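*Asks:*
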Amino acid sequence: MLLAMKPSRKESPTFRDAAHRSAAAHAFSQGAALYDDVRPSYPPAIAGLVSTPATVADIGCGTGKLTETLLGPDRRVFACDPSADMVRVFAARLPEVPVWRATAEATALADASVDALTCAQTWHWVDAHAASREADRVIAPGGELLLCWNTLDVRHPWVLRLSRIMHSGDVQRDGFYPEVAAPWTLAREHRETWLMPMGTDGLFELMATRSYWLRASAATREKMRANLSWYLFERLGFDPGQVLPIPYRTDAFVYRRPG
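So the sequence shown is numbered by this note's numbering: it starts at 5 and just counts up by one.
1. Does the Cβ of tyrosine 181 have 16 or more other Cβ atoms within 10 Å, making it buried, or fewer, making it exposed?
2. Quick test of the definition: if touching needs 3 or more C-beta pairs under 8 Å, does the stretch 70 to 80 touch the stretch 90 to 101?
3. Looking at the structure shown, is arginine 97 part of a helix, part of a strand, or coil, going by DSSP?
4. Compare the Cα-Cα distances from methionine 90 to each of Ala36, Ala61, Arg80, Gln125 and report the closest residue.
5. Fully enclosed by the stretch 171 to 235, which alpha helix (DSSP H) runs are 4 residues long or longer?
6. I'd like the ranges of any alpha helix (DSSP H) spanning at least 4 consecutive residues and lying wholly in the stretch 52 to 100.
7. Measuring alpha carbon to alpha carbon, tell me which of Asn154, Gly76, Met211 ends up nearest histidine 128.
8. Report the option in Leu190, Gly241, Arg105 whose CA atom is closest to the CA atom of threonine 67.
9. Counting Cβ pairs closer than 8 Å, one from the stretch 247 to 259 and one from the stretch 144 to 153, do we hit at least three?
10. Does the beta-carbon distance from threonine 213 to tyrosine 39 come in below 9 Å?
11. By how many angstroms is the C-alpha of proline 262 removed from the C-alpha of serine 87?
12. By Cβ distance, which residues of its chain are closer than 6 Å to leucine 210, with the 5 residues on each side in sequence left out?
13. Could you round the C-beta distance between valine 103 and valine 142 to whole angstroms and report it? I think they count as a contact, below 8 Å.
14. Based on Cα-Cα distance, which residue from Leu53, Gly203, Ala83, Ala116 lies nearest to aspartate 243?
15. Enumerate in chain order the residues of its own chain whose CB-to-CB distance from isoleucine 250 is below 8 Å, with the five nearest sequence positions on each side excluded.
16. Using a threshold of 9 Å, state whether the C-beta atoms of leucine 121 and threonine 111 are closer than that.
17. How about the stretch 216 to 225 and the stretch 184 to 196: do they share at least three Cβ pairs that are nearer than 8 Å?
18. Below 9 Å between beta carbons: does that hold for phenylalanine 82 and leucine 113?
19. Determine the direct distance from the alpha carbon of alanine 139 to that of alanine 185, and round the result to whole angstroms.
Structural data, given as C-alpha coordinates:
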(Lines of atoms letter the chains of each structure in order from A and count residues from 1; the text may use other names and numbers.)
(Lines give C-alpha, C1' and ligand atoms only; values in the text may rest on other atoms or scores of the structure.)
Protein backbone atom coordinates (compact mmCIF):
# COMPACT_ATOMS: atom_id res chain seq x y z
CA MET A 1 0.00 0.00 0.00
CA LEU A 2 1.21 3.51 -0.82
CA LEU A 3 0.73 4.92 2.68
CA ALA A 4 2.75 2.09 4.23
CA MET A 5 5.90 3.07 2.36
CA LYS A 6 8.66 4.69 4.39
CA PRO A 7 11.68 6.69 3.24
CA SER A 8 15.02 4.94 3.20
CA ARG A 9 17.10 5.63 6.30
CA LYS A 10 20.37 5.50 4.40
CA GLU A 11 22.53 8.62 4.30
CA SER A 12 23.58 8.18 0.67
CA PRO A 13 23.46 5.63 -2.16
CA THR A 14 25.04 2.27 -1.34
CA PHE A 15 27.97 1.05 -3.44
CA ARG A 16 29.60 -2.38 -3.34
CA ASP A 17 33.09 -0.92 -3.72
CA ALA A 18 35.02 1.97 -5.26
CA ALA A 19 34.69 0.50 -8.75
CA HIS A 20 30.89 0.33 -8.40
CA ARG A 21 30.82 3.95 -7.20
CA SER A 22 32.94 5.05 -10.16
CA ALA A 23 30.81 3.15 -12.67
CA ALA A 24 27.60 4.70 -11.32
CA ALA A 25 29.05 8.21 -11.44
CA HIS A 26 30.39 7.59 -14.97
CA ALA A 27 26.78 7.41 -16.17
CA PHE A 28 26.83 11.21 -16.22
CA SER A 29 29.30 11.17 -19.12
CA GLN A 30 26.18 11.53 -21.29
CA GLY A 31 22.91 13.45 -21.22
CA ALA A 32 24.23 16.80 -19.95
CA ALA A 33 21.94 18.93 -22.15
CA LEU A 34 18.79 17.23 -20.82
CA TYR A 35 20.19 17.41 -17.28
CA ASP A 36 20.58 21.16 -17.69
CA ASP A 37 17.06 21.52 -19.04
CA VAL A 38 15.16 19.66 -16.33
CA ARG A 39 17.21 19.64 -13.12
CA PRO A 40 16.35 22.53 -10.77
CA SER A 41 18.63 25.32 -9.65
CA TYR A 42 19.25 26.09 -5.97
CA PRO A 43 17.41 28.46 -3.63
CA PRO A 44 19.08 31.89 -3.28
CA ALA A 45 19.90 31.21 0.37
CA ILE A 46 22.46 28.55 -0.58
CA ALA A 47 24.87 30.93 -2.32
CA GLY A 48 24.49 33.22 0.68
CA LEU A 49 26.10 30.58 2.89
CA VAL A 50 29.45 31.26 1.18
CA SER A 51 31.32 34.23 2.65
CA THR A 52 32.24 37.20 0.47
CA PRO A 53 34.59 38.42 -0.82
CA ALA A 54 35.94 35.02 -1.75
CA THR A 55 37.60 32.85 -4.34
CA VAL A 56 35.32 29.85 -4.81
CA ALA A 57 35.78 26.53 -6.61
CA ASP A 58 32.62 24.60 -7.45
CA ILE A 59 33.59 20.93 -7.58
CA GLY A 60 31.43 18.46 -9.49
CA CYS A 61 29.85 21.53 -11.06
CA GLY A 62 27.76 19.63 -13.60
CA THR A 63 26.22 22.10 -16.03
CA GLY A 64 26.61 25.00 -13.57
CA LYS A 65 23.33 24.96 -11.64
CA LEU A 66 24.96 26.05 -8.37
CA THR A 67 27.89 27.85 -10.01
CA GLU A 68 25.59 30.37 -11.66
CA THR A 69 24.12 31.36 -8.28
CA LEU A 70 27.60 31.91 -6.83
CA LEU A 71 28.58 34.59 -9.35
CA GLY A 72 28.90 38.13 -8.04
CA PRO A 73 31.18 41.18 -8.02
CA ASP A 74 32.91 40.08 -4.81
CA ARG A 75 33.65 36.52 -5.89
CA ARG A 76 36.10 34.83 -8.24
CA VAL A 77 34.57 31.52 -9.27
CA PHE A 78 36.17 28.45 -10.82
CA ALA A 79 34.64 25.06 -11.55
CA CYS A 80 35.48 21.48 -12.45
CA ASP A 81 33.68 18.23 -13.23
CA PRO A 82 34.90 14.80 -14.37
CA SER A 83 32.37 14.59 -17.22
CA ALA A 84 33.41 16.01 -20.60
CA ASP A 85 29.74 16.33 -21.55
CA MET A 86 28.93 18.34 -18.42
CA VAL A 87 31.95 20.60 -18.94
CA ARG A 88 30.93 21.20 -22.56
CA VAL A 89 27.43 22.37 -21.57
CA PHE A 90 28.82 24.36 -18.63
CA ALA A 91 31.28 26.24 -20.87
CA ALA A 92 28.48 27.17 -23.27
CA ARG A 93 26.24 28.42 -20.43
CA LEU A 94 28.88 30.24 -18.37
CA PRO A 95 31.76 31.14 -20.69
CA GLU A 96 33.10 33.65 -18.18
CA VAL A 97 33.85 30.92 -15.59
CA PRO A 98 37.08 28.89 -15.97
CA VAL A 99 36.15 25.19 -15.98
CA TRP A 100 38.17 22.00 -16.38
CA ARG A 101 37.83 18.25 -15.96
CA ALA A 102 38.79 16.98 -12.50
CA THR A 103 37.34 15.15 -9.51
CA ALA A 104 36.69 16.07 -5.89
CA GLU A 105 39.52 13.75 -4.86
CA ALA A 106 42.01 15.39 -7.27
CA THR A 107 40.91 18.91 -8.18
CA ALA A 108 44.17 20.14 -9.80
CA LEU A 109 43.92 23.29 -7.66
CA ALA A 110 47.02 24.70 -5.96
CA ASP A 111 47.52 24.44 -2.22
CA ALA A 112 45.47 26.96 -0.18
CA SER A 113 44.25 28.59 -3.39
CA VAL A 114 40.54 29.09 -2.63
CA ASP A 115 38.50 30.51 0.23
CA ALA A 116 35.59 28.15 -0.29
CA LEU A 117 34.95 24.88 -2.04
CA THR A 118 31.38 23.95 -2.96
CA CYS A 119 29.92 20.59 -3.95
CA ALA A 120 26.31 20.45 -5.09
CA GLN A 121 24.67 17.11 -5.83
CA THR A 122 28.16 15.62 -5.78
CA TRP A 123 29.43 14.42 -2.42
CA HIS A 124 27.53 11.11 -2.44
CA TRP A 125 29.50 10.13 -5.57
CA VAL A 126 32.95 10.70 -4.06
CA ASP A 127 35.30 8.99 -1.65
CA ALA A 128 34.48 11.16 1.37
CA HIS A 129 37.84 10.66 3.08
CA ALA A 130 39.92 11.40 -0.02
CA ALA A 131 37.73 14.39 -0.94
CA SER A 132 37.95 15.76 2.61
CA ARG A 133 41.76 15.58 2.44
CA GLU A 134 41.76 17.33 -0.93
CA ALA A 135 39.50 20.07 0.45
CA ASP A 136 41.90 20.53 3.36
CA ARG A 137 44.77 20.92 0.90
CA VAL A 138 43.20 23.46 -1.46
CA ILE A 139 41.12 25.61 0.94
CA ALA A 140 43.03 28.45 2.60
CA PRO A 141 43.11 28.77 6.40
CA GLY A 142 39.77 30.03 7.68
CA GLY A 143 38.00 28.82 4.56
CA GLU A 144 34.82 26.83 4.15
CA LEU A 145 33.51 23.65 2.56
CA LEU A 146 29.87 23.78 1.41
CA LEU A 147 27.93 20.63 0.52
CA CYS A 148 24.34 20.80 -0.72
CA TRP A 149 21.63 18.71 -2.33
CA ASN A 150 18.30 19.23 -4.06
CA THR A 151 16.18 16.10 -3.66
CA LEU A 152 12.57 15.12 -4.09
CA ASP A 153 10.76 15.63 -0.78
CA VAL A 154 9.84 12.02 -0.06
CA ARG A 155 8.01 12.90 3.15
CA HIS A 156 5.03 13.14 0.79
CA PRO A 157 3.94 9.52 0.22
CA TRP A 158 3.12 10.02 -3.46
CA VAL A 159 6.55 11.58 -4.04
CA LEU A 160 8.24 8.69 -2.26
CA ARG A 161 6.67 6.23 -4.66
CA LEU A 162 7.49 8.53 -7.58
CA SER A 163 11.16 8.57 -6.52
CA ARG A 164 11.25 4.78 -6.44
CA ILE A 165 9.68 4.43 -9.86
CA MET A 166 12.20 6.95 -11.22
CA HIS A 167 15.09 5.27 -9.33
CA SER A 168 16.13 8.55 -7.75
CA GLY A 169 19.19 7.23 -5.97
CA ASP A 170 20.16 10.54 -4.32
CA VAL A 171 17.11 10.70 -2.04
CA GLN A 172 18.23 10.94 1.59
CA ARG A 173 16.27 10.40 4.76
CA ASP A 174 14.88 13.35 6.68
CA GLY A 175 17.53 15.06 8.78
CA PHE A 176 20.50 13.31 7.14
CA TYR A 177 24.10 14.47 7.49
CA PRO A 178 26.76 13.64 4.90
CA GLU A 179 29.95 11.83 5.79
CA VAL A 180 32.83 14.30 6.02
CA ALA A 181 36.24 13.39 7.44
CA ALA A 182 38.69 15.29 9.65
CA PRO A 183 39.73 18.02 9.97
CA TRP A 184 36.30 19.33 8.92
CA THR A 185 33.55 20.00 11.46
CA LEU A 186 30.00 21.15 10.83
CA ALA A 187 29.63 24.91 11.40
CA ARG A 188 26.05 25.46 10.23
CA GLU A 189 23.30 23.92 8.17
CA HIS A 190 20.36 25.12 6.12
CA ARG A 191 17.29 23.11 5.17
CA GLU A 192 14.26 24.29 3.23
CA THR A 193 11.38 22.91 1.21
CA TRP A 194 9.89 24.35 -1.95
CA LEU A 195 7.76 23.51 -4.97
CA MET A 196 8.90 23.20 -8.58
CA PRO A 197 6.17 23.44 -11.26
CA MET A 198 6.72 20.65 -13.77
CA GLY A 199 4.55 19.13 -16.48
CA THR A 200 4.11 15.39 -16.69
CA ASP A 201 6.38 15.31 -19.75
CA GLY A 202 9.07 16.90 -17.60
CA LEU A 203 8.84 14.05 -15.11
CA PHE A 204 9.69 11.56 -17.85
CA GLU A 205 12.64 13.78 -18.82
CA LEU A 206 13.70 14.07 -15.17
CA MET A 207 13.70 10.27 -14.91
CA ALA A 208 15.98 10.15 -17.95
CA THR A 209 18.64 12.16 -16.07
CA ARG A 210 19.01 9.59 -13.28
CA SER A 211 22.17 7.50 -13.22
CA TYR A 212 20.07 4.29 -13.11
CA TRP A 213 18.36 5.25 -16.37
CA LEU A 214 21.61 6.28 -18.04
CA ARG A 215 23.11 2.85 -17.30
CA ALA A 216 19.94 0.87 -18.11
CA SER A 217 19.18 -1.26 -21.16
CA ALA A 218 16.51 -0.29 -23.67
CA ALA A 219 14.18 -2.92 -22.20
CA THR A 220 14.63 -1.57 -18.67
CA ARG A 221 14.03 1.98 -19.83
CA GLU A 222 10.80 0.94 -21.56
CA LYS A 223 9.63 -0.73 -18.34
CA MET A 224 10.45 2.43 -16.37
CA ARG A 225 8.46 4.56 -18.83
CA ALA A 226 5.49 2.20 -18.57
CA ASN A 227 5.62 2.21 -14.77
CA LEU A 228 5.77 6.00 -14.60
CA SER A 229 2.95 6.34 -17.13
CA TRP A 230 0.75 3.98 -15.10
CA TYR A 231 1.54 5.79 -11.85
CA LEU A 232 0.89 9.33 -13.12
CA PHE A 233 -2.11 8.74 -15.35
CA GLU A 234 -3.87 5.71 -13.84
CA ARG A 235 -2.89 5.49 -10.18
CA LEU A 236 -2.82 9.26 -9.49
CA GLY A 237 -5.22 10.32 -12.24
CA PHE A 238 -3.22 13.24 -13.64
CA ASP A 239 -3.81 14.37 -17.22
CA PRO A 240 -1.03 14.20 -19.85
CA GLY A 241 0.68 17.58 -19.96
CA GLN A 242 -0.74 18.67 -16.60
CA VAL A 243 1.60 20.92 -14.60
CA LEU A 244 2.22 19.61 -11.10
CA PRO A 245 3.78 21.28 -8.04
CA ILE A 246 6.66 18.89 -7.35
CA PRO A 247 7.83 19.00 -3.70
CA TYR A 248 11.59 19.44 -3.33
CA ARG A 249 13.87 19.92 -0.37
CA THR A 250 17.31 21.47 -0.19
CA ASP A 251 19.84 20.45 2.47
CA ALA A 252 23.08 22.42 2.81
CA PHE A 253 26.02 22.07 5.20
CA VAL A 254 28.95 24.40 5.86
CA TYR A 255 32.13 22.90 7.32
CA ARG A 256 35.16 24.62 8.80
CA ARG A 257 38.39 23.47 10.39
CA PRO A 258 38.95 23.95 14.13
CA GLY A 259 40.92 26.98 15.21
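Note that beta-carbon positions come from the ideal geometry of N, C-alpha and C, so glycine has one too. Being a predicted model, the structure only gives us computed values, none of them experimental.
*Replies:* Quick look at the numbers:
1. Result: exposed.
2. Touching, yes.
3. Assignment of arginine 97 by DSSP, reduced to helix, strand and coil, places it in the helix class.
4. The shortest C-alpha separation from methionine 90 is found at Ala36.
5. Here the runs fully enclosed are 204 to 211, 215 to 219, 222 to 233.
6. The qualifying runs are 69 to 74, 88 to 97.
7. Restricting attention to Asn154, Gly76, Met211, the CA atom closest to the CA of histidine 128 is found in Asn154.
8. The shortest CA-to-CA distance from threonine 67 to any of Leu190, Gly241, Arg105 is the one to Arg105.
9. In short, these stretches touch, since the Cβ pair count reaches three.
10. Yes, the pair counts as a contact, with Cβ atoms nearer than the cut-off.
11. Spanning the two alpha carbons is a distance of roughly 33 Å.
12. Once the five neighbours on either side are set aside, the close Cβ partners of leucine 210 are Val42.
13. About 16 Å; that fails the 8 Å criterion.
14. Closest by alpha carbon: Gly203.
15. For isoleucine 250, where only same-chain residues beyond five positions count, the Cβ hits under 8 Å are Leu156, Val163, Leu199, Met200, Pro201, Met202, Leu207.
16. Yes, the Cβ-Cβ distance between leucine 121 and threonine 111 is below 9 Å.
17. Output reads no: the stretch 184 to 196 does not touch the stretch 216 to 225.
18. Remark: C-beta atoms of phenylalanine 82 and leucine 113 approach each other more closely than 9 Å.
19. Distance from the CA of alanine 185 to the CA of alanine 139, rounded to the nearest whole angstrom, comes to 10 Å.
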